[in-house]
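**Student:** Quick one: the structure is below, questions incoming.
There are 2 protein chains.
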Amino acid sequence: MLSRTAKYAVRAVVVLARHYGKRPVSAGEIASILGAPRNYLSKTLLALTRRGILTSARGPGGGYALAVAPHAISVADIADVFADPMPEAARCLLDDSPCDPKHPCSAHRRWTEITLGARASMRRTAIGNLCGETWTTSVVGRP
Amino acid sequence: MLSRTAKYAVRAVVVLARHYGKRPVSAGEIASILGAPRNYLSKTLLALTRRGILTSARGPGGGYALAVAPHAISVADIADVFADPMPEAARCLLDDSPCDPKHPCSAHRRWTEITLGARASMRRTAIGNLCGETWTTSVVGRP
DNA sequence: CGCAATCATCATATCAGCATGCCTAATTCG
DNA sequence: CGAATTAGGCATGCTGATATGATGATTGCG
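Chains as they are written, first to last, in the numbering used here: chain X, 8 to 150; chain U, 8 to 150.
Rendered as structure tokens:
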């Protein structure tokens with residue numbers, strides 16, 4: 008469903024979402040929280056930064072932080088960063104080459120329903136919905 | 008979504024569905040139709056046979072055939088053969104270890120909705136729906 | 001300034017899935 | 001029976017994802 012790298016990325020963003028508004032969190036801290044290899048995580052954090060999902064700050068007290076609010080980042084946004092350049096939906100189930108829209112393979116309709124359905128679910132799911140806080144409404148008041 | 012091996016398996020089963028009721032199809036024929044490596048495909052066909060999805064016959068004129076009708080085999084049935092022993096649904100998004108049902112991780116509900124949704128779609132999709140024939144109703148009459 | 005913290009980058013090792021080839025056993029046709 | 005045909009299984013190399021380690025570049029702070 009998601010590559011291991013993409014999972015690390017989602018988990019890292021969730022950690023940063025929980026620190027949203029506070030000081031940046033260093034790669035080392037995130038790695039130790041997640042139990043993930045530090046330098047490997049560094050690469051994924053770099054990719055997320057380049058995509059504009061995170062911001063980075065060097066030097067003492069530096070680290071990573073969300074570039075936007077937790078509810079404005081979807082799981083699909085993160086998955087896209089580590090996805091194949093050729094989208095899975097284009098490749099069809101019965102043929103590796105992309106289906107010609109005029110003459111799609113006999114599995115095309117069903118298969119795109121499945122893959123695009125999962126993709127749509129990930130697009131509807133925001134990081135704010137995953138971190139156990141009510142980011143979607145108000146940060147302070149929870150009855 | 009599906010491993011390459013699982014895709015080969017689905018394609019092979021679709022080929023066999025199109026020959027359903029006729030003579031068995033040899034591994035070599037299937038491999039040449041699919042453009043897949045013969046010996047590698049052989050392993051997947053063997054696995055499908057052991058799982059009871061296919062039947063095999065040796066000797067001249069032998070080969071593989073569906074053990075049941077095309078509409079009785081789902082894509083999920085085939086995917087299961089090559090899936091991890093530990094189901095993807097059990098592992099959660101935020102933690103590799105399975106979530107305790109009493110205290111699931113904060114992403115548990117959303118994530119299981121996504122993964123189980125995709126899985127359910129594959130379970131609802133029969134091979135007969137993928138091979139461009141109207142197996143679901145009648146074999147002979149198509150207006 | 002000079003040092004320490006931290007991001008950013010490169011180079012390499014490890015591992016699983018994928019692919020290929022060859023060998024053996026079983027089965028069927030002539 | 002013997003040759004042809006195919007299933008079943010083993011050994012090996014390839015490739016990309018994953019993981020590890022070392023090094024340079026940038027920034028804040030005393």
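Glycine included, every Cβ here is placed at the ideal spot set by N, Cα and C.
For clarity, every value in this text was computed on a predicted model and none was experimentally measured.
#1: I think Ala79 of chain U touches Cys99 of chain U, with their Cβ atoms under 8 Å apart; what is that distance to the nearest whole Å?
#2: Looking at the structure shown, is Pro90 of chain U part of a helix, part of a strand, or coil, going by DSSP?
#3: Determine the DSSP secondary structure at Ser39 of chain U, reduced to helix, strand or coil.
#4: Val32 of chain U by DSSP, collapsed to three states: which one?
#5: Using beta carbons (cut-off 8 Å, strictly below), is Gly148 of chain X in contact with chain U?
#6: Should Tyr71 of chain U go down as buried or exposed, given a rule of 16 or more other Cβ atoms within 10 Å for buried?
#7: Between Leu123 of chain X and Tyr15 of chain U, what straight-line distance do the alpha-carbon atoms span, to the nearest angstrom?
#8: Report the CB separation of Met129 of chain U from Ala76 of chain U in whole angstroms; it is logged as a contact under 8 Å.
#9: What's the C-alpha gap between Ser10 of chain X and Asn46 of chain X?
#10: What is the rounded straight-line gap between the Cα of His1 of chain X and the Cα of Val32 of chain X?
#11: Using DSSP's beta-bridge definition, name the partner residues of Ser128 of chain X.
#12: Determine, for Thr132 of chain X, whether the minimum Cβ-Cβ distance to residues of chain U falls below 8 Å.
#13: Any residues in the region 25-53 of chain X with a beta carbon nearer than 8 Å to a beta carbon of chain U? Which ones, in chain order?
#14: So is Gly68 of chain U buried or exposed if we call it buried at 16+ other beta carbons inside 10 Å?
**Tutor:** Straight from the coordinates:
#1: Incorrect: roughly 32 Å between the Cβ atoms, too far for contact.
#2: What sits at residue 90 of chain U in the sequence shown is Ala, not Pro. Here Ala90 of chain U sits in coil by DSSP.
#3: In the structure shown, the three-state DSSP call for Ser39 of chain U is helix.
#4: In the displayed model, Val32 of chain U falls within a strand according to three-state DSSP.
#5: Any reading at Gly148 of chain X must be qualified, since the residue scores a pLDDT of 35, below 50, and its modelled position is unreliable; the value itself is stated next. It does not: the Cβ of Gly148 of chain X has no partner Cβ on chain U nearer than 8 Å.
#6: Buried, by the Cβ-count rule.
#7: Tyr15 of chain U has its alpha-carbon roughly 21 Å from the corresponding atom of Leu123 of chain X.
#8: Met129 of chain U to Ala76 of chain U, Cβ: 18 Å. No contact.
#9: Their backbone Cα atoms lie some 17 Å apart in a straight line.
#10: A query on residue 1 of chain X cannot be resolved here, the shown segment of chain X reaching from 8 to 150 and no further.
#11: Under DSSP, Ser128 of chain X forms no beta bridge with any residue.
#12: A Cβ of chain U is located within less than 8 Å of the beta carbon of Thr132 of chain X.
#13: For the region 25-53 of chain X, the beta-carbon criterion of a distance under 8 Å to any beta-carbon of chain U is satisfied by none of its residues.
#14: Within 10 angstroms of the beta-carbon of Gly68 of chain U lie fewer than 16 other beta-carbons, which makes it exposed.
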